[in-house]
Amino acid sequence: MAVFTELSDEDRHAIVEAYGLTGLSSVIGIADGDRETTYLFRSAEGEFIVTLFENGAEPLDLERAFTTMETLHRAGVPCPEPRRTVDGNATFQAAGRLVAIVSFVSGSSTSDPSPAKCGSVGRVMGQIHMSLQSGLNRQPDLPSGPVHGALVFANVFFLGDKVSGVINFRLRHDDALIAEIADVLVDWTGVPDGGLDRRKAHALLSGYQAIRKLSAAEKTALPAFVLASTAKRAALGARRTSTPECALVAYHSVTPDMFDQ
């Protein structure tokens, strides 16, 4: 059951004042999570998602997530625009909870992505990697740098077949870029036996490479990263087939023609 913290009139007033919102017309509770409470605030400045973190959130973590979103939003990546307090802080305290506010993003998530949706996800992932490239290590054969860390169904919204917004940057961290690509391939194009849907995988990789070309080393390494990602999910019970069998099927499902554009 979702945790839901009620906001008193005093709490609402404190939030509105802290963030410089005016003309508040409605506050709608959205009980859709088990780690936070979410409200939609409608004001003269627009619509905002107000999140009250029930546990596990630290101001420094949210500051890093805000900085990441601000960088991506300025680069034109579809993600919420963070709203800071009038004092410039990423967070505020209300109702005994840590509070953060971002702009509302239209769209809805999917559980059965089409190849077109996969292509859009690949493109946005490429935009994220390239927009954060100031921290990219270009020396190794496998470039590393900032990645989203949780590009799963629940964190990606669509309008039609196009990604309209990516949310939840709290798991943003540095990693080999090909590791996130492998995780996204397994999550978005995986089939029950552990393999990848060829059309969806090709669309996702084509979308990514429209923004950032994979190196020869990354293409060579991708089957092993897909194997590892699939094995991890199988071990956690996300796959019905045995872990070794799933992993081998996944490894052999990555073929050179998937990289063709």
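Under the numbering used here, residues 380 to 640 are what the sequence shown spells out, in order. C-beta: ideal position from N, C-alpha, C; glycine also. In this text, all values refer to a predicted model and were calculated from it rather than measured experimentally.
Local Cβ density within 10 Å of residue i, reported as buried at 16 or more and exposed below that
{"i": "residue 416", "result": "buried"}
{"i": "residue 407", "result": "exposed"}
{"i": "residue 555", "result": "buried"}
{"i": "residue 624", "result": "exposed"}
{"i": "residue 380", "result": "Per-residue confidence for residue 380 stands at a pLDDT of 43, beneath the threshold of 50, marking its modelled position as unreliable; the derived number appears in the next sentence. The residue in question, residue 380, is exposed, as its Cβ has fewer than 16 Cβ neighbours within 10 Å."}
{"i": "residue 640", "result": "exposed"}
{"i": "residue 454", "result": "exposed"}
{"i": "residue 525", "result": "buried"}
{"i": "residue 532", "result": "exposed"}
{"i": "residue 522", "result": "buried"}
{"i": "residue 401", "result": "exposed"}
{"i": "residue 552", "result": "exposed"}
{"i": "residue 629", "result": "buried"}
{"i": "residue 414", "result": "exposed"}
{"i": "residue 599", "result": "exposed"}
Nearest-angstrom Cα separation, counted from residue j out to residue i
{"i": "residue 611", "j": "residue 393", "result": "44 Å"}
{"i": "residue 439", "j": "residue 548", "result": "13 Å"}
{"i": "residue 384", "j": "residue 594", "result": "48 Å"}
{"i": "residue 468", "j": "residue 572", "result": "47 Å"}
{"i": "residue 489", "j": "residue 536", "result": "8 Å"}
{"i": "residue 398", "j": "residue 481", "result": "11 Å"}
{"i": "residue 465", "j": "residue 442", "result": "15 Å"}
{"i": "residue 418", "j": "residue 604", "result": "38 Å"}
{"i": "residue 372", "j": "residue 445", "result": "This structure leaves residue 372 out entirely; the chain is present only between 380 and 640."}
{"i": "residue 560", "j": "residue 527", "result": "11 Å"}
{"i": "residue 429", "j": "residue 483", "result": "9 Å"}
{"i": "residue 540", "j": "residue 500", "result": "10 Å"}
{"i": "residue 403", "j": "residue 432", "result": "22 Å"}
{"i": "residue 575", "j": "residue 456", "result": "27 Å"}
{"i": "residue 587", "j": "residue 423", "result": "37 Å"}
{"i": "residue 558", "j": "residue 602", "result": "11 Å"}
{"i": "residue 592", "j": "residue 477", "result": "40 Å"}
DSSP-derived helix/strand/coil call for residue i
{"i": "residue 602", "result": "helix"}
{"i": "residue 380", "result": "Its pLDDT being 43, under 50, residue 380 is placed unreliably by the model, and the measurement read from it follows with that caveat. Residue 380 falls in the coil class under three-state DSSP."}
{"i": "residue 630", "result": "helix"}
{"i": "residue 426", "result": "strand"}
{"i": "residue 587", "result": "helix"}
{"i": "residue 548", "result": "coil"}
{"i": "residue 401", "result": "coil"}
{"i": "residue 592", "result": "coil"}
{"i": "residue 577", "result": "helix"}
{"i": "residue 419", "result": "strand"}
{"i": "residue 431", "result": "strand"}
{"i": "residue 608", "result": "helix"}
Residue range of the unbroken beta strand (DSSP E) whose run includes residue i
{"i": "residue 528", "result": "No beta strand (DSSP E) holds residue 528; DSSP gives it neither H nor E."}
{"i": "residue 535", "result": "535-538"}
{"i": "residue 572", "result": "Looking at the DSSP string, residue 572 is not in any beta strand (DSSP E), and its letter there is neither H nor E."}
{"i": "residue 555", "result": "552-555"}
(Q) Which runs of the beta strand (DSSP E) at least 3 residues long sit entirely within the stretch 436-517? Give them in chain order. (A) For the stretch 436-517, whole beta strand (DSSP E) runs of length 3 or above, ordered along the chain, are 471-473 and 476-482.
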